[in-house]
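Scroll down for the structure; my scribbles are underneath it.
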Amino acid sequence: MVLPYLDGFADAVEAAERSETDPETGKRVKVEVELCADAPQLIVPSRAGVDLVRLLGRSTRFRRTAEQDPEAPFPAPPRVPLLGRWLTHFGERARVPGSSLLLAMSDVLVRHWATGQSSLEDQHLGALLAWIDPPEGRSGAEAAQEAELARDAAGQLVCPPAGPATDPAFDNKLLAPAIERYDRARTAFAAAQDGLEADDRLGALTAAEREIRALVESRTRPTWDAVWRGLDLLAELPEGARVEERWTRDRWSFTGHRDRVLAGEPPQPRRDDAVTAANKLATREREQARLEAKEALDDPLVMAARRLSGEAFAGEVVDVVMAYSESRRPSPRPLVTVRTDDRPHLGERARAYRSLGGKPQTAEFVGYEAGPEGGLLVLRVLDKMGRGKEPEEGSVPEKGDRLCFTLFEHEPRGGAKLPDPEETPWTHGGPPGEEAVPEPADPVTEEDVL
1 MVLPYLDGFA DAVEAAERSE TDPETGKRVK VEVELCADAP QLIVPSRAGV DLVRLLGRST
61 RFRRTAEQDP EAPFPAPPRV PLLGRWLTHF GERARVPGSS LLLAMSDVLV RHWATGQSSL
121 EDQHLGALLA WIDPPEGRSG AEAAQEAELA RDAAGQLVCP PAGPATDPAF DNKLLAPAIE
181 RYDRARTAFA AAQDGLEADD RLGALTAAER EIRALVESRT RPTWDAVWRG LDLLAELPEG
241 ARVEERWTRD RWSFTGHRDR VLAGEPPQPR RDDAVTAANK LATREREQAR LEAKEALDDP
301 LVMAARRLSG EAFAGEVVDV VMAYSESRRP SPRPLVTVRT DDRPHLGERA RAYRSLGGKP
361 QTAEFVGYEA GPEGGLLVLR VLDKMGRGKE PEEGSVPEKG DRLCFTLFEH EPRGGAKLPD
421 PEETPWTHGG PPGEEAVPEP ADPVTEEDVL
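As structure tokens, then:
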């Protein structure tokens, strides 16, 4: 079910440009490549589901098929290792801040709604939804407590856990006896002496199988409905202005892994080498800073928190004085006076940034007009005013404008580039030696073959 869903996004592509290093000149050049027009998205109920996806990928991507190892006693179906590679990719991508390829519904909901529960309690999807969207006439706290603790006449939870952990009362009182009945029915069917007896026992076996299916559905269907209910609530929220660029990075990630699979590259290793690990860490740090900046620009409530911490300020422009740089070719450097009630942590010549047409415009802190307590601060605008002697229309704030400046950059800078594999010291995994030997599959255990 998962692989056909993923395959449905692999063929629809569009032309895109990206920068690559020319092997002959060493310069960065623009090349035209394929980019998947869209990417699949996997939604799991809670954070434990993300861990399970990662574990499933880890346990299946090295399984050997009959084609790979004809002597294997229990070969995996041909597409199981491929599924493991994709699940591993989604699990790794879930660790990148801002990625949406694999999401835990509970984590997404708590980013938009606040509850009176702890972070651990918010991982119970039923209780979280009950708090966010309680039944009419009930408070969120009451509905959440009922969703977490209420049991029916048979002693079963009204709102079963989303998994992978299950309710012991269900396992011991309902599921285990049903499995025992199924085992007895299967044994009796195998021991049937004639056709009539086999038909009777086949009916008992079928009934036992249906009972197990019904029990499993009774525990999983509430979670299925809860995830869709959460999606309906999220669909009512307005889309952030900068969400599309994060999704584009997810599309690049999906396209890149598709290309690696099609090229016949081996599965992801169990442990990353030093260079790969450093690249992953740098990517996650960069994306975390970018996500925090973009969320603040998209969400006034997030920006309010940054203002309270002194990382941003908002105010009204009370004066604009045109000034110019002292270079040979003078450029506009207007001085803008802003009245604000915020208390930003501004040092000498500190940089401040505002969004202008979707791009950051930089200003430099000049000083306070009447001391820090006066609430009047002067900024010198430095860029995004065009190439002429006079600034372009709309590029300079005007008196009466309401502006919001941040002390953090809107596009975080990347760190120093890591050396190529050939130039990496041997202490950090290089230079590369012989071709890597494919990693063996995990040893087969009793749990693998029932």
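The sequence shown runs 1 to 450 under full-length UniProt numbering. From the three backbone atoms N, C-alpha and C, an ideal C-beta is built for every residue, glycine too. Bear in mind the structure is a predicted one, so any value in this text is a computation, not a measurement.
If you follow the beta strand (DSSP E) that SER355 is in, where does it begin and where does it stop? As a first step, residue 355 is located in the sequence shown; it is residue number 355 there, counting from the start. Per DSSP, SER355 belongs to the beta strand (DSSP E) from 351-356.
Cut-off 8 Å between Cβ atoms - residues of its own chain near GLY374, not counting five sequence neighbours on either side: As a first step, residue 374 is located in the sequence shown; it is residue number 374 there, counting from the start. Closer than 8 Å at the Cβ level, and outside the excluded window around GLY374, lie TYR368.
Closest to PHE62 by CA distance: which of PRO330, TRP86, PRO344 and MET303 is it? Within the sequence shown, residue 62 is the residue found at index 62, counting from 1. Nearest to PHE62 by alpha-carbon distance, out of PRO330, TRP86, PRO344 and MET303, is TRP86.
The beta strand (DSSP E) spanning PHE365 covers which residue range? The residue you call residue 365 lines up with position 365 of the sequence shown. It spans 359-368 - the beta strand (DSSP E) in which PHE365 sits, taken as one unbroken run.
What residue from PHE408, ARG402 and GLY357 has the CA that sits closest to MET385's CA? Translated into the one-based positions of the sequence shown, residue 385 becomes position 385. Per the Cα distances, GLY357.
Per-residue DSSP class, three states only, for ALA312: For the purposes of this step, residue 312 is identified with residue 312 of the sequence shown, where counting begins at 1. Note: ALA312 maps to strand in three-state DSSP.
In the structure shown, what three-state DSSP assignment does LEU450 receive? Here residue 450 is taken as the residue at index 450 of the sequence shown, counted from 1. At LEU450 the pLDDT is 43, less than 50, meaning the model places this residue with poor confidence and gives no usable figure here.
If we count the other Cβ atoms within 10 Å of its Cβ and call it buried at 16 or more, is PRO397 buried or exposed? For the purposes of this step, residue 397 is identified with residue 397 of the sequence shown, where counting begins at 1. By the neighbour-count rule (16 or more Cβ atoms within 10 Å), PRO397 is buried.
Secondary structure at GLU434, three-state DSSP: helix, strand or coil? On the sequence shown, residue 434 is found 434 positions in, with the first residue counted as 1. Legend: pLDDT at GLU434 = 48, less than 50; position of this residue unreliable, value from coordinates given subsequently. When DSSP states are grouped into helix, strand and coil, GLU434 belongs to the coil group.
Across which residues does DSSP place VAL320 in a beta bridge pair? Taking the first residue of the sequence shown as 1, we reach residue 320 at position 320. Bridge partners of VAL320: VAL336.
Quick check on DSSP: helix, strand or coil for LYS384? Within the sequence shown, the letter at position 384 stands for residue 384. Correct three-state label for LYS384: coil.
Select from HIS257, GLU364, ARG184 and GLU20 the residue whose C-alpha is nearest the C-alpha of THR206. Looking up residue 206 in the sequence shown gives position 206. Sorting HIS257, GLU364, ARG184 and GLU20 by C-alpha distance to the C-alpha of THR206 places ARG184 at the top.
Let's see if you can read the secondary structure: which residues bound the alpha helix (DSSP H) around LEU291? For this step, residue 291 is matched to residue 291 along the sequence shown. Note, LEU291: alpha helix (DSSP H), 274-298.
Give me the Cα-Cα distance between ASP133 and THR88, rounded to the nearest whole angstrom. The residue given as residue 133 occupies position 133 in the sequence shown. The residue given as residue 88 occupies position 88 in the sequence shown. When only Cα atoms are considered, ASP133 and THR88 end up about 34 Å apart.
Identify the residues that DSSP records as bridge partners of LEU35: which are they? Locating residue 35 in the sequence shown gives position 35, where the first residue counts as 1. DSSP lists GLU14 as partners of LEU35.
Which value, in whole angstroms, describes the spacing of the CA atoms of ARG380 and MET322? Locating residue 380 in the sequence shown gives position 380, counting from the first residue. Locating residue 322 in the sequence shown gives position 322, counting from the first residue. MET322 has its alpha-carbon roughly 10 Å from the corresponding atom of ARG380.
Just to confirm, are PHE365 and ALA39 a CB contact at a threshold of 8 Å? Translated into positions along the sequence shown, residue 365 becomes position 365. Translated into positions along the sequence shown, residue 39 becomes position 39. The answer is no: Cβ separation not under 8 Å.
Apart from the five residues on each side of it in sequence, which residues of its chain come closer than 6 Å, Cβ to Cβ, to ALA208? As a first step, residue 208 is located in the sequence shown; it is residue number 208 there, counting from the start. Excluding sequence neighbours, ALA208 sits near ARG181, TYR182 and ALA185.
Using the beta-carbon count (16 or more within 10 Å), is LEU450 buried or exposed? Translated into the one-based positions of the sequence shown, residue 450 becomes position 450. Reliability fails at LEU450, whose pLDDT of 43 lies under 50, so the model's placement of it is uncertain and the value that follows must be treated cautiously. Its Cβ having fewer than 16 others within 10 Å, LEU450 is exposed.
So which of ASN279, LEU109 and GLY315 has the shortest CA-CA distance to ASP377? Taking the sequence shown and counting its residues from 1, the one referred to as residue 377 is at position 377. Before going on, a small fix: residue 377 reads as Leu here, not Asp. Looking at the Cα atoms, GLY315 is the closest of the given residues.
Using a threshold of 8 Å, state whether the C-beta atoms of LYS399 and ASP319 are closer than that. Locating residue 399 in the sequence shown gives position 399, counting from the first residue. Locating residue 319 in the sequence shown gives position 319, counting from the first residue. Yes; because the gap between Cβ atoms is below 8 Å, this pair is in contact.
Just how far apart, CA to CA, sit GLY415 and ALA277? As a first step, residue 415 must be located in the sequence shown, where it is residue number 415. As a first step, residue 277 must be located in the sequence shown, where it is residue number 277. Annotation: GLY415 to ALA277 spans about 15 Å, alpha carbon to alpha carbon.
Can you tell me which of the three DSSP states PHE405 falls into? Start at 1 with the first residue of the sequence shown, and residue 405 comes out as number 405. Residue state, collapsed to three classes: strand.
May I have the straight-line CA-CA distance separating PRO97 from VAL110, to the nearest angstrom? Locating residue 97 in the sequence shown gives position 97, where the first residue counts as 1. Locating residue 110 in the sequence shown gives position 110, where the first residue counts as 1. Each residue's alpha carbon lies about 15 Å from the other.
Bridge partners for GLU20 per DSSP, in chain order? As a working mapping, residue 20 is identified with position 20 in the sequence shown. GLU20 pairs with VAL29.
Distance between GLU409 and GLY347 (C-alpha atoms, nearest Å): As a working note, residue 347 is residue 347 in the sequence shown. As a working note, residue 409 is residue 409 in the sequence shown. Roughly 16 Å between the two C-alpha positions.
If distances are taken between C-alpha atoms only, which option among LEU35, LYS30 and GLU24 comes closest to ASP259? Locating residue 259 in the sequence shown gives position 259, where the first residue counts as 1. Measuring C-alpha to C-alpha distances from ASP259 to each of LEU35, LYS30 and GLU24 identifies LEU35 as the nearest.
If ALA104 and VAL44 are in contact, beta carbons under 8 Å, what's the gap, nearest whole angstrom? Taking the first residue of the sequence shown as position 1, residue 104 is located at position 104. Taking the first residue of the sequence shown as position 1, residue 44 is located at position 44. Sure, about 6 Å apart at Cβ, within 8 Å.
Report the partner residues of ARG151 according to the DSSP bridge assignment. Reading the sequence shown from its first residue, position 151 is the one you call residue 151. In the DSSP output, where bridge partners are listed per residue, ARG151 has LEU157.
Between LEU102 and VAL50, which are expected to be in contact by the criterion C-beta below 8 Å, what is the C-beta distance as a whole number of angstroms? In the sequence shown, the residue the question calls residue 102 occupies position 102. In the sequence shown, the residue the question calls residue 50 occupies position 50. Contact holds; Cβ gap of about 6 Å.
Does GLN193 pass the burial test, meaning 16 or more other C-beta atoms within 10 Å, or should it be called exposed? Taking the first residue of the sequence shown as 1, we reach residue 193 at position 193. With fewer than 16 other Cβ atoms within 10 Å, it is exposed.
Extent of the continuous alpha helix (DSSP H) run through LEU87: Stepping through the sequence shown from its first residue, residue 87 is reached at position 87. Membership of LEU87 in the alpha helix (DSSP H) is indicated by the continuous run 80-93.
Integer Cβ distance of PRO267 from PRO332, believed to fall under 8 Å: Translated into positions along the sequence shown, residue 267 becomes position 267. Translated into positions along the sequence shown, residue 332 becomes position 332. PRO267 to PRO332, Cβ: 56 Å. No contact.
Give me the Cβ distance between THR223 and ALA165, rounded to the nearest whole Å; I'm assuming they're in contact under 8 Å. Working through the sequence shown from its first residue, we reach residue 223 at position 223. Working through the sequence shown from its first residue, we reach residue 165 at position 165. A Cβ-Cβ distance of about 12 Å is found for the pair THR223 and ALA165, leaving them out of contact under the 8 Å criterion.
Could you work out which residue in LYS173, ARG242, GLY256 and LEU149 is closest to PHE9 when comparing CA atoms only? Start at 1 with the first residue of the sequence shown, and residue 9 comes out as number 9. Taking only the C-alpha atoms, the option nearest PHE9 is GLY256.
Tell me the DSSP bridge mates of ALA104? Looking up residue 104 in the sequence shown gives position 104. DSSP lists VAL44 as the bridge partner or partners of ALA104.
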